[in-house]
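With UniProt numbering, letter number 289 in the sequence shown gets 289, and the count goes up by one each step, no holes.
Every residue gets a Cβ at the ideal spot worked out from N, C-alpha and C, and that includes glycine.
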Amino acid sequence: MKEGSGRCSIISSLPTQRALEWNITPLSPNMPSQASIPDAPLLLQFFIQETSPRLTCKGNSSQFQNPFQDEVPLLAESDGVVMYAVLALAGMHMGYYTQDEARQQAAVRHYILAMKELHSAIADWVAGSQGEVVRLLLITVLLVYYETISGNKSGAMAYHLRACRQFAFHITTNNELPLEGEVVGLLLETYAYLELCSCLRFSPLEEDIRTNLNSFVSQLDYLRQFKTFGVLFGSASALYETIPSISFLSLLRQQELREHQDLGSAALYRDLDKLITSWSDHAISCVNLELGPDGVFEIPAIMAVRNALQVFLETSFYYGSVSVVDFSKKVEPLVEATLPLLQLLKDSPLFYTAYWPLVVLGANARTAAQRNIISSLLQDHTMPMTSRMKETLSWIWDHPDENVFGLPGLELVVKEQRTALCIA
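In structure tokens form, the structure reads like this:
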């Protein structure tokens with residue numbers, strides 16, 4: 001942390017040698033410290049060096065101070081619940097990275113301890129303490145990351161995400177937090193990103209969609225106040241804002257097909273199609289002007305997201321109302337055009353934000369050549385979720401019914417396997 005930078009964050013409220021800005025106590029003051037957990041120093045180092053750069057699209061950029069690297073480990077040293085959540089996430093990542101089953105089992109134990117202590121902390125939480133609600137949001141975000149990075153086999157991510165939603169809404173409806181608080185901006189953007197990615201489904205929950213349409217995740221202007229804005233959305237935030245509307249379109253169109261009546265889905269489809277397709281030459285020119293040479297990876301990242309959302313849009317409106325052959329003709333060119341973009345991104349931090357677009361495209365990949373490219377893109381990555389992605393896509397690719405593909409096919413095979421999935 002640079003001296004004299006004026007950063008005002010949750011770290012300044014910690015009960016350490018620093019002055020207490022919000023005058024709050026740790027969630028669990030009697031819990032064990034780093035010194036009493038034998039593997040804590042090693043896992044904290046792994047979290048700082050390996051895990052935290054993969055939690056944003058900025059990586060280890062010298063121009064970006066990542067609060068997950070700078071501030072969260074400091075917070076963990078004085079808050080046992082945060083410590084357990086960090087150790088669970090780092091341990092799961094490190095265990096997969098080193099193929100150490102014992103370490104992965106230890107990560108599960110840290111996760112269970114974090115869950116138990118978080119449950120008690122939420123029960124004792126008194127709404128009104130902004131510093132405490134930021135801590136609660138941080139812990140639940142770390143637990144969401146634990147689930148999504150490990151592949152969310154149990155479906156627990158949905159419950160953590162709903163808890164995040166409550167804490168995020170509490171923060172955004174109160175204007176007491178300083179905008180320069182980088183942890184606050186980072187956590188809110190992380191929640192919004194994960195919330196939006198979780199809606200990239202053919203049959204999302206209506207309750208979630210209506211909630212998101214009426215919250216800041218569909219209008220990200222609130223987040224643009226923070227210096228950290230863009231750590232996950234990059235330059236494509238306006239594209240992500242369309243996700244709740246596309247999800248709503250999917251539900252609306254399915255209702256139309258069931259009830260055989262016009263509920264206005266065609267007009268909504270045209271509006272969204274115009275908005276998404278307009279993100280091409282104009283968007284690229286804006287990124288070039290804003291970022292210069294540093295935008296070399298931003299452009300393919302934007303176009304990959306745009307194309308994946310276009311696939312999502314086409315699926316939401318056309319699937320079930322046209323033949324499988326005709327539907328494939330609509331999405332196949334988008335898959336073909338996007339794979340080279342993802343190959344360009346493979347070795348950049350922006351590739352971590354392309355995981356879910358990669359699953360969307362992979363589910364729609366119909367040729368052996370396309371599938372081989374997607375498999376190779378996932379081959380060398382050390383995040384546990386990549387194995388989960390390959391496994392899930394193989395259920396579609398190897399399915400005896402060749403009409404099982406795309407987002408509807410993804411939902412079907414996940415249900416057939418009696419599991420859950422969310423990749424972000």
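For a test of the three-state rule: what should DSSP assign to residue i, helix, strand or coil?
| i | result |
| --- | --- |
| Leu361 | helix |
| Val404 | coil |
| Val231 | coil |
| Gln379 | helix |
| Leu205 | coil |
| Ile243 | helix |
| Ala369 | helix |
| Cys57 | coil |
| Gln261 | coil |
| Asn212 | helix |
| Phe64 | coil |
| Arg418 | coil |
| Phe351 | helix |
| Phe248 | helix |
| Gln225 | helix |
| Ala236 | coil |
In the DSSP assignment, the alpha helix (DSSP H) including residue i goes from what residue to what residue?
| i | result |
| --- | --- |
| Leu397 | It is Trp, not Leu, that sits at residue 397 in the sequence shown. Per DSSP, Trp397 belongs to the alpha helix (DSSP H) from Pro384 to Trp397. |
| Asn307 | Glu298 to Tyr318 |
| Phe327 | Val324 to Leu345 |
| Ser120 | Glu101 to Asp124 |
| Ile276 | Ser265 to Thr277 |
| Ile37 | From DSSP, Ile37 is part of no alpha helix (DSSP H); its letter is neither H nor E. |
| Pro67 | Pro67 to Asp70 |
| Ile48 | Premise fails: Ile48 is in no alpha helix (DSSP H) and is neither H nor E. |
| Tyr159 | Met157 to Thr172 |
| Ser198 | Glu182 to Ser198 |
| Gly91 | Gly80 to Thr98 |
Taking the CB atoms as reference points, tell me whether residue i and residue j lie closer together than 9 Å.
| i | j | result |
| --- | --- | --- |
| Val81 | Glu132 | no |
| Gly91 | Leu55 | no |
| Leu87 | Ile37 | yes |
| Glu259 | Val183 | no |
| Val404 | Leu412 | yes |
| Phe47 | Phe68 | yes |
| Phe167 | Leu137 | yes |
| Tyr240 | Phe233 | yes |
Can you give me the Cβ contacts of residue i inside the same chain, cut-off strictly under 6 Å, excluding the 5 residues immediately before and after it?
| i | result |
| --- | --- |
| Tyr96 | Pro384 |
| Lys153 | Thr419 |
| Leu268 | Leu249 |
| Leu410 | Ala363 |
| Ala106 | Gly91 |
Can you list, in chain order, the residues of its chain with a C-beta nearer than 7 Å to that of residue i? Leave out the 5 residues immediately preceding and following it.
| i | result |
| --- | --- |
| Tyr222 | Thr172 and Phe216 |
| Arg270 | none |
| Pro357 | Ala304, Val305 and Ala308 |
| Val231 | Thr56, Cys57, Lys58, Leu186 and Glu189 |
| Gly4 | Because Gly4 sits at a pLDDT of 32, beneath the cut-off of 50, its placement in the model cannot be relied upon, and the following sentence gives the value as read from the coordinates. Within the same chain, Gly4 has no close Cβ partners at all. |
Mark residue i as exposed unless 16 or more other C-beta atoms lie within 10 angstroms of its C-beta, in which case mark it buried.
| i | result |
| --- | --- |
| Arg224 | exposed |
| Gly264 | exposed |
| residue 472 | This structure does not reach residue 472, given that the chain is present from 1 up to 424, and the question cannot be answered. |
| Thr242 | buried |
| Gln310 | buried |
| Ser198 | buried |
Can you find the residues in the same chain that come closer than 8 Å, C-beta to C-beta, to residue i, ignoring five residues on each side of it along the sequence?
| i | result |
| --- | --- |
| Cys164 | Leu137, Thr140, Val141, Val144, Tyr191, Leu194 and Glu195 |
| Glu336 | Gln370 |
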